[in-house]
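Numbering (UniProt numbering), first residue to last: 1 to 296.
Please read the structure below before turning to the comments.
Structure below.
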């Protein structure tokens, strides 16, 4: 199955919204409660192509290209976690949403967590998918920065393929179509300029402004699941524990035989983990609301 044949028989919309002046690409499918999916560094909507069919059965699935990524606009400024969070708020407001479920992968998980700390009134529950590198390991940051810059500034088939293979435990999951989709994105002139803003978070002086820390993670008061893997190139399962300790009442699950993109390598398992957690918390919230009404 290719990315677009995954969607061929589904009802979906691919469109753009103005998110506080940022033209933003959005793919939407399904009619349930809104679930926004956020990709990682250098990612784009297509990173979730294998998940839409399964998730749309229970949610109104909304996948975006984050600011500076994919085919979304690329302002000439530093992309800090606060800026990504502001952009997400702009998308939510542009779509007229009052409350959403959130799930982000890697950078997207970091952004989702930051957003939930700053704007808890918008978030019902969230799943943080391989947010990783909580310890700010210099070698991980340098490898991600170097491989991203090489894939973009020296864009060719092999460099883009290598960057994608780094994400996967099973390298055969990197399809020709995924390589071609990313190559077309990376060779945009605007992306060639924006990539320097994208990788700024791999510089420690910038990164430490947003590092995982109890000072902001402790403000997260929404149900949170950490979805880790046993072959994540950015962090071990043991390194999930500090984030779990920082986020009150958060839970941890490990998806086996997957790398940094479990949503791509293990789509059915990932969808089940995400759906079960979000719907469980939705049902619990409904019961609490019913009890509060009955008590009045």
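The beta carbon of each residue, even a glycine, is placed where N, CA and C say it ideally should be.
message: Using C-beta distances below 7 Å, list every residue in its chain close to residue 269, excluding the 5 sequence neighbours before and after it, in chain order.
response: The residue you call residue 269 lines up with position 269 of the chain shown. Hits under 7 Å: 255.
- request: State the Cα-Cα distance for the pair residue 210 and residue 188, rounded to the nearest angstrom.
  value: For the purposes of this step, residue 210 is identified with residue 210 of the chain shown, where counting begins at 1. For the purposes of this step, residue 188 is identified with residue 188 of the chain shown, where counting begins at 1. Cα-Cα distance, rounded: 28 Å.
- prompt: Going by C-alpha distance, which of 43, 171, 185, 95 is nearest residue 122?
  reply: Taking the first residue of the chain shown as position 1, residue 122 is located at position 122. The shortest Cα separation from residue 122 among 43, 171, 185, 95 belongs to 95.
Minimum C-alpha distance to residue 281 - residue among 62, 13, 249: Taking the first residue of the chain shown as 1, we reach residue 281 at position 281. Selected option, being the one with the closest Cα: 249.
message: Taking the alpha carbon of residue 165 as the reference point, which residue from 201, 208, 85, 258 has its own alpha carbon closest?
response: For this step, residue 165 is matched to residue 165 along the chain shown. The candidate whose alpha carbon is nearest that of residue 165 is 258.
message: By alpha-carbon positions, which one of 178, 87, 131 ends up nearest to residue 103?
response: On the chain shown, position 103 is the one that residue 103 refers to. Comparing Cα positions, the closest option is 131.
message: Given this structure, state the Cα-to-Cα distance separating residue 83 from residue 198, to the nearest angstrom.
response: Here residue 83 is taken as the residue at index 83 of the chain shown, counted from 1. Here residue 198 is taken as the residue at index 198 of the chain shown, counted from 1. Each residue's Cα considered, the two are about 11 Å apart.
message: Need the endpoints of the alpha helix (DSSP H) that residue 129 sits in, please.
response: Indexing the chain shown from 1 puts residue 129 at position 129. First-last for residue 129: 123-129, but that is the beta strand (DSSP E), not the alpha helix (DSSP H).
message: Taking the beta carbon of residue 300 as the centre, do at least 16 other beta carbons fall within 10 Å, making it buried, or is it exposed?
response: As shown, the chain starts at 1 and ends at 296. That puts residue 300 outside it, with no answer to give.
message: Bridge partners for residue 17 per DSSP, in chain order?
response: Along the chain shown, one-based indexing puts residue 17 at 17. 24.
Distance between residue 62 and residue 97 (C-alpha atoms, nearest Å): Here residue 97 is taken as the residue at index 97 of the chain shown, counted from 1. Here residue 62 is taken as the residue at index 62 of the chain shown, counted from 1. When rounded, the distance between both Cα atoms is 11 Å.
- request: Count the other C-beta atoms from every protein chain shown that fall within 10 angstroms of the C-beta of residue 159, then say buried if there are 16 or more, exposed otherwise.
  value: Working through the chain shown from its first residue, we reach residue 159 at position 159. Answer is buried; the Cβ neighbour count reaches 16.
query: So, helix, strand or coil for residue 81, using DSSP?
result: Along the chain shown, read from residue 1 onward, the residue named residue 81 stands at position 81. Three-state result, residue 81: helix.
Distance, residue 200 Cα to residue 78 Cα: Your numbering for residue 78 matches position 78 in the chain shown. Your numbering for residue 200 matches position 200 in the chain shown. Computed Cα separation, rounded: 7 Å.
- prompt: Less than 8 Å separating the beta-carbons of residue 64 and residue 110?
  reply: Indexing the chain shown from 1 puts residue 64 at position 64. Indexing the chain shown from 1 puts residue 110 at position 110. No. Outside cutoff.
message: Contact between the segment 115-129 and the segment 139-157 is defined here as three or more beta-carbon pairs at a separation below 8 Å; is this criterion met?
response: no
query: From the DSSP output, which residues share a beta bridge with residue 60?
result: Along the chain shown, read from residue 1 onward, the residue named residue 60 stands at position 60. For residue 60, which the question treats as bridged, DSSP gives the partners 34.
task: To the nearest angstrom, report how far apart residue 137 and residue 58 are at their CA atoms.
output: Residue mapping note: residue 137 aligns to position 137 of the chain shown, counting from 1. Residue mapping note: residue 58 aligns to position 58 of the chain shown, counting from 1. Roughly 37 Å separates the two Cα atoms.
- prompt: By DSSP, does residue 177 sit in helix, in strand, or in coil?
  reply: Along the chain shown, one-based indexing puts residue 177 at 177. Residue 177: helix per DSSP, three-state reduction.
query: What residue from 213, 151, 264 has the CA that sits closest to residue 2's CA?
result: The sequence position of residue 2 within the chain shown is 2, counting from 1. Selected option, being the one with the closest Cα: 264.
- prompt: Can you tell which of 75, 21, 44 has the C-alpha that lies nearest to the C-alpha of residue 194?
  reply: The residue given as residue 194 occupies position 194 in the chain shown. Nearest of 75, 21, 44 to residue 194, Cα basis: 75.
- request: Scan the segment 230-291 and note each continuous beta strand (DSSP E) run of 3 residues or more that stays entirely inside, going in chain order.
  value: 251-255
message: According to DSSP, simplified to helix, strand and coil, what is residue 190?
response: Position 190 of the chain shown, counted from the first residue, corresponds to residue 190. DSSP places residue 190 in helix when its eight states are reduced to three.
- request: Can you grab the Cα-Cα spacing for the pair residue 245 / residue 91, in whole Å?
  value: Taking the chain shown and counting its residues from 1, one reaches residue 245 at position 245. Taking the chain shown and counting its residues from 1, one reaches residue 91 at position 91. Cα-Cα distance, rounded: 30 Å.
Coil, strand or helix - residue 11 by DSSP: Taking the first residue of the chain shown as position 1, residue 11 is located at position 11. Three-state DSSP puts residue 11 in coil, outside helix and strand.
message: I need the boundaries of the alpha helix (DSSP H) containing residue 147, first residue and last residue.
response: Locating residue 147 in the chain shown gives position 147, counting from the first residue. Where residue 147 is concerned, the enclosing alpha helix (DSSP H) stretches over 138-153.
- request: Give me the Cα-Cα distance between residue 108 and residue 43, rounded to the nearest whole angstrom.
  value: Here the question's residue 108 lines up with position 108 in the chain shown. Here the question's residue 43 lines up with position 43 in the chain shown. Between residue 108 and residue 43, the C-alpha separation is close to 9 Å.
query: Around the C-beta of residue 101, are 16 or more other C-beta atoms found within 10 angstroms, so that it is buried, or is it exposed?
result: Position 101 of the chain shown, counted from the first residue, corresponds to residue 101. With 16 or more Cβ atoms within 10 Å of its Cβ, residue 101 is classed as buried.
message: Tell me the residue span of the beta strand (DSSP E) that contains residue 101.
response: The residue given as residue 101 occupies position 101 in the chain shown. Note, residue 101: beta strand (DSSP E), 100-105.
- prompt: So what does DSSP say about residue 117, is it helix, strand or coil?
  reply: In the chain shown, residue 117 corresponds to position 117, counting from 1. The answer is helix: DSSP assigns residue 117 an H, G or I state.
Backbone secondary structure at residue 88 - three-state DSSP: Residue mapping note: residue 88 aligns to position 88 of the chain shown, counting from 1. In the structure shown, residue 88 sits in a helix (DSSP, three-state: H, G or I).
query: Which class does residue 212 belong to by DSSP, given the choice of helix, strand or coil?
result: Here residue 212 refers to the residue found at position 212 of the chain shown. Three-state DSSP puts residue 212 in coil, outside helix and strand.
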